[in-house]
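Residue numbers (the working numbering), protein chains in the order written: chain Z, 1 to 589; chain F, 1 to 578.
Step one of this worksheet: look at the structure below.
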């Protein structure tokens, strides 16, 4: 859904100006391209005149001027060769300009994504952001390329044609100039009419796509319930409706060509009659008439081209607006110039009177206080939506607190460089992320300079070594996009190994073992124990059994810490935690 | 291609009409240069003004008739293409419905969606353009050459040389650039992948402070895309200049040859102009043809992909005997069953043997990747086992009709999939004519009644696609209810209560147990507490059976089961306390 504001003329003009600004670095090339375009158009239009002159030298038996003809032929040859060379160079330059701009814009968009606060990327769907960086920029490049190649050339051709026609005979030119807008108007009329049908078609197509996505996405369920026949019937109903609209849209839009061709035929006839009569009167030669006729044939083409370029440009500008919208999103606040680099932190973390919410209407974390001594193990439990993950977002400074402060070793984290703060934490999330690269490269993501021995040692500690060795190419096995060739549990083990290699001074484990079965979990629990020794650790887990030996268990509900203490103390208290703990193991009798 | 021909054959009349009228239109267009030649030779030279008017009127008439033909052709082309598209889409969708899980896994659902939507549209558009232009252009090219020969055979010689040269230029450039365009597309996909990957892992990237490396990586991919685009652009930019040169060389030849013919007296000036006009017509048509070839090659690629789906035959067809009535036979029995996924060397399951009587409950437990879901999918015959035998009520499952099996087996996978529409419509998936009572009974058992009632819309409660307006636990309960509506003989709950809290899960199991006496229930879970009350428990470890018996028996004898229990041991203790 494009925003209305992008379509407003003011917004559109502003976007267009910004697109032009992107072109500015290449203004030298653009000027060259325009010069070549003028040359090409002039020569292309000059050739029919030469041809006409050639025809005039061939009047009848015994009336052929061979030496003159040879000169004309030579001129045609030279013009044609120069035109083609100029045309190729011009196209090549246009490609370079366009693709360079696209590369620049993509680079800027991607770099900007790296600087945006997570609040932006969390609020926009990945698909939307990808389509801005890929599809929209592609659409923009199509528009630019067409704009470069056809808009100026088209306009130059129209102007040039009129000029050359005027130089032959003003009156016949008048006929062409007066009649030709007719085809333009007719084409416009049709495209407006067919636009409505296209919209109905794309709505129905969207409906069909939605239905297909839903039913094929759930095809295993469809089969489990023998629902195939009904599915096909419903599909057919939408399909029928789609083809009705499709027929109309396709037919109406395909009228443009016949109509323009017809208008062209009428103009052609008009020129033939008027030109013939003028020729009888002796005002023009037969060769000039033939030049005129060939101009008439070419004359309507640039009009059609310009129409299609203009629609394409409209789409491009809408796309450009979406790209600029992304580029305009304010980046995360810059670090203060005197930002402190956190070195070898002891790991003392204090949260003082922290308030935070994602949206002002729904306050989430309120007056949260917490202090973790170096080396302490802090567990966070509570029902879904109580703010556990938010707390991690704040610790990592993915989001900034609204009021209060978070301090590491006594420094407010807003005074630290983001890089030194974040690399001080080792983070394992429930959502495993691996990139499509070799297993080795993935494990060494946080420490690209690690030796093979170190990588293998880390994998062994995370109990990932044995399954890695069973992969077809061991550590060199390339992980498919999204980790398709690994199970969820295996992916989690790799993420754990990735952290084992970095040995950061503090740890954040957010449901780090949720996809690993309890038996394997026991095995890697040992590795975690070693890892956590002497490191301040924050652990979020829904399996309460994994956090029983934490130094401090925070029980959160609705953004507040409602209880805290050790496992035993909390059970003793028989409050929310004890209830949560009991419900987890309620048996059926 | 055969599929396309088959769909075309459904409407032979429509399909023939479009090209036919196109050709008629083109023939009228080819007459125009002849008329103009007459105007010059008969009208201008003897200064016959009225003749010019008559011929001018004739030109307009030719235009009108051509216009009529052309509109007719456009209509039939649109009609034919739309019919072909509709038939292909319908057949493709229906064909996909016959696939077994094996084919679905191999092709992938997102690919299948693309085939049904984008690819069929491409084929439809391509076929429409094909009908409109592909026959017209060669016809005009050849027609123009023929007309040139009727004007004057000796002066028309340049046509014989120019046309093959033009065709060759177009052919060579297309041949060289198409694979390069494919590479550009692949590189664009890589750029897309980089962006996607980065966005999905944005927290990890920042946690490791690797933004700068990510930027460098992206720059590299984007730079490579630029180089490929400019390279292929340079090659295809040759097309216009080269064809332009070829045609103008043809015109030069006509002037040179024509000059000599006119001098000799067997060609007129008007005819020279006609020849030049034919040459220009050829250029226009060939450029259109080249653009069309690019468009058609896309459509052909789509057609190829659609055909690949059509050519995939379901490995399990809906044939066989109906499921026999339940007699004194075990409801389900596995005899030394093994299974390997297509293309995989390693067996995901092997040596599985057990049998369950009607009304019994069997628990299946094991770690991630132990093969629990694989086993569950063998019972409704979503896959065929690769060794051993599975029997339903004593009959080898491979002799039974899949649709009949699925009418007797209800399976609820871990990921609850619901469909947009009312709750009632979703529930009736289990049984087409399910009554209100039957649905409410199922909702009661599935512990879903309470939250459904709280929404106060009854069975008309609208569900969004994939149950977007429900929580994970609510979706799972509705999915269980949907399976219960059909009152299956065998119910398989494949970790389908994982999002429920322990207490609700326990109530659910109790309700199923008490209200469905004759139903055979498979409980698949990672939680000991969920399966400990089952009549039998099968312990799976890495695809192999690690133990089989009751909770007590396994606690005494099975090492893997002991370990699983020990890892959840805290729970046992707490339960004992409570």
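Ideal Cβ placement from N, Cα and C applies to all residues, glycine included.
Own chain partners of residue i with C-beta closer than 8 Å, once the 5 adjacent residues on each side are dropped
i                      : result
residue 389 of chain Z : 510, 540
residue 87 of chain F  : 7, 10
residue 396 of chain Z : 421, 422, 425, 427, 508
residue 571 of chain Z : 577, 578, 581
residue 309 of chain F : 92, 95, 96, 107, 112, 115
residue 132 of chain F : 18, 22, 73, 74, 77
Alpha-carbon to alpha-carbon, residue j and residue i
i                      : j                      : result
residue 446 of chain F : residue 511 of chain F : 8 Å
residue 359 of chain Z : residue 119 of chain Z : 10 Å
residue 441 of chain F : residue 485 of chain F : 8 Å
residue 47 of chain F  : residue 76 of chain Z  : 31 Å
residue 514 of chain F : residue 409 of chain F : 19 Å
residue 272 of chain F : residue 172 of chain Z : 22 Å
residue 287 of chain Z : residue 176 of chain F : 40 Å
residue 516 of chain Z : residue 488 of chain Z : 8 Å
residue 102 of chain Z : residue 177 of chain Z : 38 Å
residue 110 of chain F : residue 218 of chain Z : 11 Å
residue 553 of chain F : residue 364 of chain F : 15 Å
residue 581 of chain Z : residue 451 of chain Z : 44 Å
residue 22 of chain Z  : residue 371 of chain Z : 50 Å
residue 224 of chain Z : residue 525 of chain F : 20 Å
residue 561 of chain Z : residue 141 of chain Z : 53 Å
residue 275 of chain Z : residue 52 of chain Z  : 13 Å
residue 436 of chain Z : residue 470 of chain Z : 19 Å
residue 239 of chain Z : residue 179 of chain F : 34 Å
Residue i and residue j closer than 8 Å at C-beta
i                      : j                      : result
residue 181 of chain F : residue 232 of chain F : yes
residue 553 of chain Z : residue 566 of chain Z : yes
residue 538 of chain Z : residue 557 of chain Z : no
residue 82 of chain F  : residue 247 of chain Z : yes
residue 264 of chain F : residue 61 of chain Z  : yes
residue 462 of chain Z : residue 500 of chain Z : yes
residue 144 of chain F : residue 73 of chain F  : no
residue 15 of chain Z  : residue 317 of chain Z : yes
residue 476 of chain F : residue 530 of chain F : no
residue 492 of chain Z : residue 512 of chain Z : yes
residue 303 of chain F : residue 247 of chain F : no
Cut-off 7 Å between Cβ atoms - residues of its own chain near residue i, not counting five sequence neighbours on either side
i                      : result
residue 130 of chain F : 296
residue 316 of chain F : 100, 381, 384, 402
residue 199 of chain Z : none
residue 326 of chain F : 358, 393, 489
residue 376 of chain F : 411, 492, 494, 522, 524
residue 319 of chain F : 401
For residue i, three-class secondary structure by DSSP
i                      : result
residue 548 of chain F : strand
residue 536 of chain Z : strand
residue 335 of chain Z : coil
residue 415 of chain F : coil
residue 233 of chain Z : helix
residue 430 of chain Z : coil
residue 16 of chain F  : helix
residue 450 of chain Z : coil
residue 190 of chain F : helix
residue 479 of chain Z : coil
Residues of its chain near residue i, where Cβ-Cβ distance is below 6 Å and the 5 sequence neighbours each way are ignored
i                      : result
residue 329 of chain F : 393, 394
residue 156 of chain F : 148, 149
Neighbouring residues, chain A, relative to residue i (Cβ below 8 Å)
i                      : result
residue 532 of chain Z : Here chain A cannot be found, since the structure's protein chains are Z and F.
Runs of alpha helix (DSSP H) wholly within the stretch 423-510 of chain F (minimum 4 residues, chain order): With a minimum length of 4 residues, the continuous alpha helix (DSSP H) runs that stay inside the stretch 423-510 of chain F are 423-427, 436-445, 449-454, 472-485.
If we require 4 or more residues per run, which alpha helix (DSSP H) segments fall completely within the stretch 251-287 of chain Z? Runs of the alpha helix (DSSP H) lying entirely within the stretch 251-287 of chain Z and spanning at least 4 residues, in chain order: 256-280.
Alpha helix (DSSP H) segments (min. 4 residues) lying fully within the stretch 44-90 of chain Z: DSSP runs (the alpha helix (DSSP H)) wholly in the stretch 44-90 of chain Z: none.
Curious, which full-length beta strand (DSSP E) runs of at least 3 residues does the stretch 100-158 of chain F contain? None, since the stretch 100-158 of chain F contains no complete beta strand (DSSP E) of that length.
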